[in-house]
Amino acid sequence: MFRSIFMHYFLLFGCITPVLLGGNPAPNTIVATIPGFDLPAGMAITPDGTRAYITDSDNGNISVVNTANNEIIATLTGFGEPQYIAITPDGTRAYVTDSAGSGLVSVIAIPANTVTTIAGFIDASGIAITPDGTHVYVANTGANNVKVIQTSNNTISATVSGFAGGSDLQQVAITPNGAYAYVTGPSSNSIYVISTASNTITATITDVNFPEGVAITPNGQYAYVTNLTGTTVSVINTTTNLVVNTISGFNDPAGIAITPNGRYAYVTNRAGNSVGVINMATNTVISTPGLASGFTGPFQLAITPNGLYVYVSNNGGTTVTVIFAGLNVGAPTNVQIRKIKNKFLTQTDLINYITWQVPATGGINAPVSYQIYRDAGLTQLVATVLATSPLQYYDHNRQPNTTYTYYIVSVDQLGDTSLAASASIVS
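Numbering (the numbering used here), first residue to last: 18 to 444.
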């Protein structure tokens with residue numbers, strides 16, 4: 018009897034006030050403005066999400082931004098008028114077009130940031146890389162064709178012709194399966210579809226109005242195209258290459274980017290100095306008062322791989338704006354930790370007892386589970402707790418006089434995660 022009672026003896030210490038490192042900024046609000054540009058234009062973010070490469074066409078530079086603190090950490094010089102930029106899927110190279118008449122596409126080695134060039138272009142504009150990273154498609158605007166670069170040796174391997182005269186080819190997007198490239202031709206009011214297998218034009222879509230930007234949904238089923246001289250975005254079925262929807266509510270829409278989960282499209286309103294957001298489930302523009310101002314001639318966008326942040330180049334100004342896109346699921350709240358001593362004979366089990374509460378705001382979906390980590394990088398998973406279970410976790414066998422920090426994220430039914438809520442304790 019004595020042994021049984023002693024086995025369950027424990028001491029509770031006072032509650033430790035946690036340091037909350039996560040939290041939920043309001044969705045679709047501006048969270049940072051990055052200065053230091055002359056005329057920011059194209060942007061691309063590395064696959065690991067740590068760096069944004071931004072072209073500055075007026076001063077011939079490319080700036081590298083640390084996305085953790087949104088500060089410029091490197092400036093690459095010597096370009097003519099760098100325009101658009103794309104980064105290979107493995108994150109080792111960035112390809113940059115130049116509209117200065119230099120006839121070059123530049124290749125930046127990442128992270129060394131050394132530069133080599135590829136000749137054979139005239140006033141190059143939009144650029145996209147196939148999902149397997151083997152080829153780069155470049156809108157060679159001055160020659161009214163599209164050049165294809167083979168990345169294994171950085172040489173031009175094909176030239177796609179057959180575009181209407183004076184198309185002024187602009188932006189390029191490639192389907193997730195790599196089978197087709199969509200190229201906008203604003204001056205010919207056309208979208209051209211290129212088969213990457215044959216490098217020939219297989220379809221021309223004309224039910225558009227000065228098309229500028231193009232982005233393709235993650236499932237490859239639709240292409241969204243901005244109509245620059247109007248107020249609409251066209252939705253194209255990539256199977257039939259027909260316009261199946263036209264979304265109104267924009268003001269000279271230019272750039273467009275789709276979140277990795279395919280739920281939202283962000284569109285720059287050049288004349289409106291604002292950014293619009295499309296709910297892609299309903300193809301309607303949602304209310305985003307936090308994005309109705311704070312921009313100057315917004316042009317291009319890039320979204321971080323985790324879908325949390327949208328970078329917008331203010332091509333009519335000297336800054337880049339960072340938007341917090343919001344979360345599909347909110348972060349846990351009121352994270353608390355207590356330390357418990359569970360004594361049994363000569364042994365003591367030091368336990369960190371963690372509790373939390375359901376998200377208050379910041380998400381459109383309820384959590385189905387919570388993941389607990391011991392590191393800020395969210396790589397050391399400790400446990401998964403179902404949302405239907407008590408929101409608590411006992412971390413046994415902790416070391417005395419050691420600081421432990423726990424990071425808890427919510428997970429929704431689609432696997433999307435929240436920002437981490439964190440708390441620390443000394444065992």
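We put the beta carbon where it would ideally sit given N, CA and C, even for glycine.
> Roughly how many whole angstroms lie between the Cα atoms of G394 and L245?
Replying inline: 40 Å
> Terminal residues of the continuous beta strand (DSSP E) containing L325?
Replying inline: Here L325 belongs to no beta strand (DSSP E), and DSSP marks it neither H nor E.
> Roughly how many angstroms separate the alpha carbons of G77 and I71, rounded to a whole number?
Replying inline: 11 Å
> Out of curiosity, what's the CA-to-CA distance linking Y390 and A319?
Replying inline: 29 Å
>> In this structure, how does DSSP classify P203 when only helix, strand and coil are distinguished?
In response: helix
> Around the C-beta of H413, are 16 or more other C-beta atoms found within 10 angstroms, so that it is buried, or is it exposed?
Replying inline: exposed
> Under the rule that 16 or more other beta-carbon atoms within 10 Å means buried, what is V443, buried or exposed?
Replying inline: exposed
>> Restricting to Cα atoms, I'd like to know which of T305, A282, A288 and S310 is closest to M297.
In response: A282
>> Between the alpha carbons of A404 and P349, how many angstroms are there, rounded?
In response: 11 Å
> Could you give the residue range of the beta strand (DSSP E) that holds S80?
Replying inline: N78 to N83
> Assuming P322 contacts I62 under a Cβ cut-off of 8 Å, what Cβ separation, rounded to an integer in Å, is found between them?
Replying inline: 7 Å
>> Can you give me the C-alpha to C-alpha distance between A445 and A240, rounded to a whole angstrom?
In response: Any property of residue 445 remains undetermined from this structure, which presents the chain solely from 18 to 444.
>> DSSP three-state label for T223, please.
In response: coil
> Among P376, V385, I166 and L367, which one has its Cα closest to the Cα of Y421?
Replying inline: L367
> So is the beta-carbon of N194 under 7 Å away from any non-hydrogen atom of the ligand SAM?
Replying inline: Annotation note on the ligand SAM: not contained in the displayed structure, which lists no ligands.
>> Please report the distance separating the alpha-carbon of Q388 from that of V284.
In response: 33 Å
>> Can you list, in chain order, the residues of its chain with a C-beta nearer than 7 Å to that of A271? Leave out the 5 residues immediately preceding and following it.
In response: E229, G230, T243, L245, T285, R287 and F316
>> Taking 6 Å as the limit between beta carbons, can you name the residues of its chain near T34, skipping five residues before and five after?
In response: Residue confidence is low: T34 scores 31 on pLDDT, short of 50, so the model does not pin down where it sits. Its coordinate-derived value is still stated next. Answer for T34: no residue qualifies.
>> Restricting to Cα atoms, I'd like to know which of T84, G118, S123 and Q100 is closest to A111.
In response: S123
> Going by DSSP, which residues form a beta bridge with G159?
Replying inline: For G159, which the question treats as bridged, DSSP gives no partner whatsoever.
>> Using the three-state DSSP reduction, which class does G307 fall into: helix, strand or coil?
In response: helix
> Does DSSP classify G40 as helix, strand or coil?
Replying inline: Its pLDDT being 49, under 50, G40 is placed unreliably by the model, and nothing is read from it.
> Looking at the structure shown, is P35 part of a helix, part of a strand, or coil, going by DSSP?
Replying inline: Confidence is the limiting factor: at P35 the pLDDT is only 32, short of 50, which leaves the residue's position unreliable and the question unanswerable from this model.
>> As a quick exercise: from G95, Q364, Q409 and F341, pick the residue whose alpha carbon is nearest that of T84.
In response: F341
>> On the CB-based measure, 16 or more other CB atoms within 10 Å of its CB, does G183 come out buried or exposed?
In response: exposed
> Can you tell me whether DSSP reads D119 as helix, strand or coil?
Replying inline: Residue 119 is actually Ser in this sequence, not Asp. DSSP places S119 in coil when its eight states are reduced to three.
> What is the DSSP secondary structure of L398, counted as helix, strand or coil?
Replying inline: strand
> Taking the alpha carbon of G137 as the point to measure from, which residue in A91, V163 and P148 has its own alpha carbon closest?
Replying inline: V163
>> What does DSSP give as the partner residue(s) for F17 in the beta ladder?
In response: Because the chain in this structure spans residues 18 to 444, residue 17 falls outside the shown range and cannot be described.
>> Using CA atoms only, rank isn't needed, just tell me which of V155, A181, T158 and T151 is closest to T168.
In response: T151
> With a CB to CB cut of under 6 Å and the five nearest residues on each side skipped, what residues in its chain are close to V113?
Replying inline: P99, I102 and S123
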